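Student: Got a structure for you, questions after.
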Amino acid sequence: MIVVSFAVAELKGEITSGAHTLLTEFSRAFSVSFSGSSGTSSLSKVTLIFCSDFHFHVTHVYAHLGYPNAQHILGQRYLQGAGVEKNEDMAMHWFRQAAGQGHPHSSFNLAVGTLRNMTVALEEGEVEKLLSVAAAHGLLEAQQLLENILKSRSLP
94 MIVVSFAVAE
104 LKGEITSGAH
114 TLLTEFSRAF
124 SVSFSGSSGT
134 SSLSKVTLIF
144 CSDFHFHVTH
154 VYAHLGYPNA
164 QHILGQRYLQ
174 GAGVEKNEDM
184 AMHWFRQAAG
194 QGHPHSSFNL
204 AVGTLRNMTV
214 ALEEGEVEKL
224 LSVAAAHGLL
234 EAQQLLENIL
244 KSRSLP
């Protein structure tokens with residue numbers, strides 16, 4: 094049996110046994126098997142996986158399990174329309190989920206999305222908190238934007 098598979102490199106951290114079981118069942122659902130007519134046992138079954146589509150679905154599973162990197166990846170894919178229909182509401186939803194767990198890039202993206210009216214307004218001071226989280230993790234753009242916001246608020 095030949096199995097074509099890949100690792101989701103962007104998803105760091107341990108895979109829990111529940112997540113592993115779910116992923117195994119999920120991969121079975123998206124596998125397509127072909128029986129070989131040549132009679133050779135090593136090539137009797139070939140499992141094909143369409144990687145980009147599979148990657149999205151695997152990432153979606155991990156996002157629902159609460160992995161912030163997966164949530165951020167989904168947010169990016171929805172924001173850019175990469176492999177899925179562009180959907181800013183879904184992008185902001187996933188950025189909000191990941192930012193709630195302290196993901197710096199999602200925190201920045203959610204803050205920028207709020208400033209661009211791409212999502213419902215956050216509570217007062219929430220944009221600054223999100224930018225502070227991102228800046229504390231070394232995102233220069235977040236630090237610069239935070240400084241500009243604070244400067245503009247101090248102007249008469």
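Heads up: the sequence shown begins at 94 in this note's numbering, then just goes up one per residue.
Yeah, the Cβ is synthetic: ideal placement off N, Cα and C, and Gly gets one too.
On a predicted model such as this, the values are computed, not experimentally measured, just so you know.
1. Measuring only the C-alpha atoms, how far is E240 from F201?
2. With a threshold of 8 Å on Cβ separation, who are the neighbours of A156 within its own chain once the five nearest residues in sequence on each side are excluded?
3. Mind checking V220: buried by the 16 CB within 10 Å criterion, or exposed?
4. Roughly how many angstroms separate the alpha carbons of L238 and L224, rounded to a whole number?
5. Consult DSSP for N162 and reduce its assignment to one of helix, strand or coil.
6. Taking the continuous alpha helix (DSSP H) assigned at A204, which residues delimit it?
7. Measure the Cβ-Cβ separation of G206 and M185 and say whether it is below 9 Å.
8. Where does G218 sit, in a helix, a strand or coil, going by DSSP?
9. Closer than 8 Å by C-beta to I242: which residues in its own chain qualify, once you throw out the five before and the five after it? Chain order, please.
10. Buried or exposed: R209, going by 16 or more other Cβ atoms within 10 Å of its Cβ?
11. In terms of residues, what are the limits of the alpha helix (DSSP H) holding L243?
Tutor: Reading it off the structure:
1. Reading the sequence shown from its first residue, position 147 is the one you call residue 240. Reading the sequence shown from its first residue, position 108 is the one you call residue 201. Spanning the two alpha carbons is a distance of roughly 14 Å.
2. Your numbering for residue 156 matches position 63 in the sequence shown. Once the five neighbours on either side are set aside, the close Cβ partners of A156 are A163, Q164, I166, L167, W187 and Q190.
3. Looking up residue 220 in the sequence shown gives position 127. Its Cβ being crowded by 16 or more others within 10 Å, V220 is buried.
4. The count along the sequence shown starts at 1 and reaches residue 238 at position 145. The count along the sequence shown starts at 1 and reaches residue 224 at position 131. Going by the C-alpha atoms only, they are around 8 Å apart.
5. Taking the sequence shown and counting its residues from 1, one reaches residue 162 at position 69. Reduced to three states, the DSSP call for N162 is helix.
6. Within the sequence shown, the letter at position 111 stands for residue 204. Run containing A204: P197 to L208, per the alpha helix (DSSP H) assignment.
7. Numbered from 1 along the sequence shown, position 113 holds the residue referred to as residue 206. Numbered from 1 along the sequence shown, position 92 holds the residue referred to as residue 185. Their beta carbons are under 9 Å apart, which means G206 touches M185 by this criterion.
8. As a working note, residue 218 is residue 125 in the sequence shown. In this structure, G218 counts as coil in the three-state DSSP scheme.
9. Looking up residue 242 in the sequence shown gives position 149. Excluding residues within five positions, the ones whose Cβ falls inside 8 Å are V220, E221 and L224.
10. The sequence position of residue 209 within the sequence shown is 116, counting from 1. The residue is exposed, with fewer than 16 neighbouring Cβ atoms inside 10 Å.
11. Start at 1 with the first residue of the sequence shown, and residue 243 comes out as number 150. From DSSP, the alpha helix (DSSP H) with L243 extends over L233 to S247.
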